[in-house]
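For the sequence shown, the residue numbers in my numbering are 1 to 100.
Here is the structure we will look at.
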Amino acid sequence: MAKFDNPLNRLKKMADEKPQADKRFENPLETFSAKDIAKATNDRSMAGQYKRKTISLPPGQVRYIKQIAQTERMGILETYRWLIDLAIRHYEEGERPEVE
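Rendered as structure tokens:
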């Protein structure tokens, strides 16, 4: 007696195979920069290549940062970014804030 393949086995095998998802569709926003997303959504939190953030500082620190900017002949915002970059570098090198 001849043996034939069951045609339903082929359908079952097809149902078990999951198609590979295109990486672009796992998180479609990953392919766009924050600047492009802000522009498309009319988000005003971007200023050129920078994300706007508001922080509260003691007046003495603000005055001192302005003094540093004048001494180093840097813009105020450039000075703030430079100081934040320094703080991040210290953190990456293992320095941690003192917590009470």
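Ideal placement from N, C-alpha and C gives every residue a C-beta, glycine not left out.
The beta-carbon distance between Lys39 and Gln49, rounded to whole angstroms, is 12 Å. This is too long to meet the 8 Å contact definition. Closest in C-alpha terms to Gln61, from the list Met74, Arg52, Glu100, Tyr80, comes Tyr80. Every unbroken stretch of the alpha helix (DSSP H) spanning 4 or more residues and falling wholly within the segment 42-80 is given here in chain order: 59-72. Counting along the chain, Lys35 sits inside the alpha helix (DSSP H) bounded by residues 34-40.
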